[in-house]
Every structure is written in C-alpha cells, then in structure tokens.
Amino acid sequence: SIFQVKRKPLILFSLFDGIGGARVAIDELSDEFIVVQSFSSENDSHAKACVKKYKPDTVELGDIKKVSRLDINKIFLRRKISNLIQFLSWGDELHFAIVAGPPCQNLSGLNSQDGKVKGVFGEKSRLFFHVP
C-alpha cells in the first residue's frame with residue numbers, strides 16, 4: 055500500500071541470544087522498527103545454528119566474556135555500519151538496541167543449596183557483569 059508507514063532502522067545487539075528470540079520478536083511484532091543489522095553473543099552451538107538458519111546475516115560476536123565496549127565501538131566504526139548510517143534518508147534516525155538475558159539459575163530459590171541462593175555472584179548469573 056502507498057500508505058504503509060515506514061519503519062525505523064534498528065541495529066540490534068542480542069547478548070545471551072539463545073535461539074534469537076529478541077530478533078524474532080522485533081521482526082514479527084514491531085510496526086515501528088526494522089532490524090537492518092543484528093549481532094549475537096551466544097555459546098550454545100545448537101542455539102547459534104537456529105539463529106544462523108533464521109537470519110544468516112547475523113554477526114556472531116562470540117563469548118560474552120570476551121566482548122568489551124571497545125569491541126562494540128569497533129563494530130560501529132566498521133565500514134558496513136558506517137554505510138548504513140551514510141545511506142539513511144534525510145531525517146531518518148538510526149536506532150540501536152542492546153538486549154541481554156543473562157542466565158538466572160543462581161538467582162532462583164529452586165536452585166538453592168541449603169536454602170541459600172548464590173545470587174548475581176554465582177557462576178552462571180555473574181555473567182550479568184559482562185554486559186558491556
């Protein structure tokens with residue numbers, strides 16, 4: 055339709071990405087945004103395979119423990135992102151989203167030992183501190 059509303063371009067960083075649920079949700083539910091580039095950080099090989107099958111152009115960042123703010127800055131300076139910014143029509147806004155769903159097993163009372171939970175300093179949940 056000629057009356058279709060133009061969706062705003064979005065660059066998505068999905069950390070602890072799993073099977074890519076954040077990207078799927080934005081693609082399927084958002085009338086406001088369209089993902090023009092996505093980046094994923096996930097360790098599970100089966101989950102990464104799902105993401106690659108759904109959106110092969112997703113850039114895999116690797117282990118979240120090895121992704122720094124400097125790495126994220128380098129991504130923005132890459133030619134591909136620069137080109138996206140350069141080719142936006144006049145008046146458009148380029149949006150960025152960082153989505154993270156770190157493991158929460160150490161926060162749950164269901165995983166307590168002797169009635170105590172390890173909290174955010176537990177082996178899995180402390181990955182929260184690696185979100186750049």
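Using the numbering used here, you'd call the opening residue of the sequence shown number 55 and step up by one each time.
By construction, the Cβ of each residue, glycine as well, lies at the ideal position given by its N, Cα and C atoms.
Simplified DSSP assignment, three categories, for residue i
i	result
E82	helix
I73	coil
S166	coil
V105	helix
L131	helix
V113	strand
L124	helix
K119	helix
V171	coil
L148	coil
Beta carbon of residue i nearer than 9 Å to that of residue j
i	j	result
S92	S122	no
L64	H184	no
P156	L131	no
K62	E177	no
V90	R77	no
L66	A151	yes
V113	I126	no
Chain-order list of residues whose beta-carbon lies under 8 Å from that of residue i (same chain, five-residue window excluded)
i	result
D117	S95, N97
E86	R61, K62
Cβ neighbours of residue i in the same chain (closer than 6 Å, five flanking residues each side left out)
i	result
I73	A101, C104
K172	N160
Any non-hydrogen atom of the ligand GTP closer than 8 Å to residue i Cβ
i	result
K107	In terms of ligand content, the structure shown is empty, and the ligand GTP therefore cannot be addressed.
Exercise. For the 8 Å Cβ check, are there 3 or more pairs between the region 99-110 and the region 159-168?
Worked result: no
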